[in-house]
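Numbering (our numbering), first residue to last: 1 to 320.
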């Protein structure tokens, strides 16, 4: 297979746009609280942010910015964690704030305690009947976990735009694995997003991944449906509302993709499926493939590409 040209026929529900318009509709302010956090990081100011996610549920995030430009309006990077991770500690992810950007790291509702240093956001909408968040509510798109999480991700971008000192016209979405899937969904749902940086995105070309991938998180869906066989048709229908390939086709932000060609978690075919569907023919996009890397992609080597790519297209200099 020539994966560079891989473009699968991904099923799109007829009410896809209506479903997401309804999911995102939430009147009222998005920011709930912004509290400074004392740290020993003298060059960075950090705030504990709470914003209204899906259903108005409070979602936590760390907001950081260079302390020596506290009164200056900066572009922002919104980052989404991988599967099983929460926002952790405020000093963990500092690459983008050290590059001169305002940075928001969103917590993951109800599922941030498997790796890393945990999270602080419950999921009031969850009705788990299995230990895997990727299966929670999978019998219907209305109850599915990722409906709530993708809505949270969109609201995170709206929240950072409402923060003082952020240029709302210059906001990028960033993520790897699950975080990449969330960032890709944001790009498809927010037509005015400035930039997208996505590596090894989860939830792309889902139907094909479920038939070929034996590693988690896809394997968790398979294990669940091996017991709840009756839910298989409904689960496939639900997942079609969450597929990153469909979100990619609606996106317009300039984009930088990355994939490891030996990735057995989010296979490179799924990343190329999203990349090839992404935007129109005039969209500014590029992809970096690493032949001998797995799910880690190009790791810090790829981050150097991302830094170069974003600082060229959305420089961290103050607005004006």
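Heads up, the beta-carbon is just placed ideally off N, CA and C, and yes, glycines get one too.
Among 249, 15, 205 and 235, the one whose alpha carbon lies nearest that of residue 3
205
Go ahead and pull the three-state DSSP assignment for residue 287.
Residue state, collapsed to three classes: strand.
Could you give the residue range of the alpha helix (DSSP H) that holds residue 182?
178–189
C-beta contact flag for residue 310 and residue 172 at 8 angstroms:
yes
From residue 175 to residue 122, what does the alpha carbon distance come to, in whole angstroms?
Whole-angstrom Cα-Cα distance: 21 angstroms.
Alpha carbon to alpha carbon, how far is residue 72 from residue 317?
9 angstroms
Would you call the CB atoms of residue 69 and residue 101 closer than 8 angstroms?
Taking 8 angstroms as the cut-off, the Cβ atoms of residue 69 and residue 101 do not count as close.
Any idea if residue 280 is buried or exposed, counting beta-carbon neighbours within 10 angstroms, 16 or more meaning buried?
exposed
Do the CB positions of residue 51 and residue 159 come within less than 8 angstroms of each other?
Yes, they are a contact pair.
With a 10 Å radius around its C-beta and 16 neighbouring C-beta atoms as the bar for buried, classify residue 133 as buried or exposed.
buried
The alpha helix (DSSP H) enclosing residue 209, as first and last residue numbers
206–212
Starting from the Cα of residue 207, find the closest Cα among 190, 90, 221 and 294 and give me that residue.
221
Using CA coordinates, which residue listed in 183, 57 and 103 is at the minimum distance from residue 243?
183
Less than 8 angstroms separating the beta-carbons of residue 67 and residue 33?
no
Residue 253, enclosing beta strand (DSSP E) - first and last residue:
No beta strand (DSSP E) holds residue 253; DSSP gives it neither H nor E.
Residue 97 vs residue 91 beta-carbon contact at 8 angstroms
no
If you follow the alpha helix (DSSP H) that residue 268 is in, where does it begin and where does it stop?
268–277
Do the region 259–267 and the region 184–197 make contact, defined as three or more Cβ pairs closer than 8 angstroms?
no
Considering only C-alpha positions, which residue in the set 6, 295 and 61 is nearest to residue 213?
The residue with the shortest Cα to Cα distance from residue 213 is 295.
Does DSSP put residue 16 in a helix, in a strand, or in coil?
Of the three classes helix, strand and coil, the one that applies to residue 16 here is helix, per DSSP.
Member of 189, 278 and 292 whose CA lies at the smallest distance from the CA of residue 16:
Of the listed residues, the one whose Cα sits closest to residue 16 is 189.
Which residues does DSSP list as the beta-bridge partners of residue 61?
49 and 106
Where do the ends of the alpha helix (DSSP H) carrying residue 220 lie?
218–227
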